[in-house]
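Here the structure comes first, spelled out in structure tokens, and everything after it is commentary.
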Amino acid sequence: MTVHEDMTDDYLLELENVSYSYRTRRAVNEVSLGIRRGEAFGLLGPNGAGKTTLISCIAGLLQNWSGSMEFDGQPFTPAHKASDRYQIGFVPQELAIYPNLSAEENLLFFGRLVGLRGEKLRKSVADNLDLAGLTERRHDLVRTYSGGMQRRLNLTSGLLHSPSLLLLDEPTVGVDPQSRNHIFECLRHMRDAGHTLIYTTHYMEEVQRLCDRIAIMHQGQIVALGAHSELAISIGNPQANLEEVFLHLTGRSLRDE
Ligand SMILES: Nc1ncnc2c1ncn2[C@@H]1O[C@H](COP(=O)(O)OP(=O)(O)OP(=O)(O)O)[C@@H](O)[C@H]1O
Ligand SMILES: [Mg+2]
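Note that the working numbering has the sequence shown beginning at 75, numbered continuously upward.
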């Protein structure tokens, strides 16, 4: 499987040799990737592989990356240009919601941050409270919510402006099967509505069910890219499930990269 793909692909986002280092540690190492318009793209990798770092570069949270990014064929510099940032919905791995505000107040705040006002803001907040299953509890302080409710709010707080590209960094981590299923159905709904998704998780069966293509990241690099069936064939076992592919490509030993 090659990392560079057919030039005729209709890419929404293209990365070329993107690298990022924390002091001396190179966390992302020359990553080149094209994300197709409308696809659900799974980004997998062991702990420390560099997934969050790569997503943080795309989201504009980290700025001193090298290489280049294009969005819709135009240079993309989200750390420096607000209009580039508005193209993205970012759901971070760490909860990024205010515990001493209610769900509704959180969403009103995040909606204003991405430029929503008036009726548009109110409608988006109401729709997303509904999507998160939090309408009834919308006036309660977030610190009184269960972990699953907080995760559901964290998910929708990045989606209020209905961006074309959604960056989802482990949005279902640490929640019960009901909340996980609820979030999963939200993601499927987004994909079916035409959003492009980059989805990071350690739940392989979710990726198998949701994602059109999958990249496996290992020690800062993309070591495999393709549909699940293509990845299985590439390891010589067409019947392999994604977990078997993953272990084959990234090894079975524990790591703290
Ligand atoms: N703020 C930081 N300062 C220094 N090193 C960091 C920092 N954040 C991450 N790293 C290092 O960069 C590498 C990649 O980490 P990153 O968080 O991107 O991995 P990940 O694939 O998201 O892992 P996980 O599955 O555990 O979330 C690791 O070696 C990690 O220790
Ligand atoms: Mg991470």
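For glycine and all other residues, C-beta sits at the position ideal for the given N, C-alpha and C.
In the displayed model, H269 falls within coil according to three-state DSSP, outside both helix and strand. Apart from the 5 residues on each side of it in sequence, L233 sits with its Cβ closer than 6 Å to the Cβ of G163 in its chain, given in chain order. Each residue's CA atom was taken as its position, placing S106 and N91 some 5 Å apart. Taking a contact to require three or more Cβ pairs closer than 8 Å, the segment 190 to 209 and the segment 217 to 231 qualify as touching. By the beta-carbon neighbour count (other beta carbons within 10 angstroms, threshold 16), S157 is exposed.
With 7 Å as the limit, the residues whose C-beta approaches a heavy atom of ligand 2 more closely than that are K125, T126, Q167, D243, E244, T274, in chain order. Where G248 is concerned, there is no enclosing alpha helix (DSSP H), because DSSP gives it neither an H nor an E. Nearest in C-alpha terms to N174, of all of P166, H322, F183, is F183. When only Cα atoms are considered, E179 and L128 end up about 30 Å apart.
Excluding five sequence positions before and after Q282, the CB atoms of its chain that fall closer than 8 Å to its own CB belong to H302, N315, L316, given in chain order. Annotation for M291 indicates a beta carbon within 8 Å of some heavy atom of ligand 1.
In chain order, G134, Q137 place their CB closer than 6 Å to the CB of A153, counting only its own chain and leaving out the 5 sequence neighbours on each side. In the three-state reduction of the DSSP assignment, R159 falls in the helix class, which pools H, G and I. If you check the CB distance, S220 and V165 do not come in under 9 Å. Short note on N121: C-beta closer than 8 Å to some heavy atom of ligand 1.
Annotated three-state conformation of G294 is coil, per DSSP. Taking 4 residues as the minimum length, the alpha helix (DSSP H) runs contained wholly in the segment 192 to 268 are 192 to 205, 221 to 231, 251 to 266, in order along the chain. In the three-state DSSP reduction, F115 falls in the strand class (E or B). Around the beta carbon of A306, 16 or more other beta carbons lie within 10 angstroms, which makes this residue buried. Between G124 and the set V297, I309, E318, the nearest pair of CA atoms involves V297. Contact check between the segment 277 to 295 and the segment 110 to 118: three or more CB pairs, one atom from each, fall below 8 Å, which counts as touching. The C-alpha of R212 lies about 11 Å from the C-alpha of M223. Judged by their CB atoms, L86 and R110 are nearer to each other than the 9 Å cut-off. Assignment of N180 by DSSP, reduced to helix, strand and coil, places it in the helix class.
Here the C-alpha atom of S308 lies approximately 21 Å from the C-alpha atom of H276.
Inside the segment 277 to 321, DSSP marks whole beta strand (DSSP E) runs of 3 or more residues at positions 287 to 292, 295 to 300, from first to last along the chain.
Inter-residue distance for Q167 and P149 is about 26 Å (C-alpha atoms, whole angstroms).
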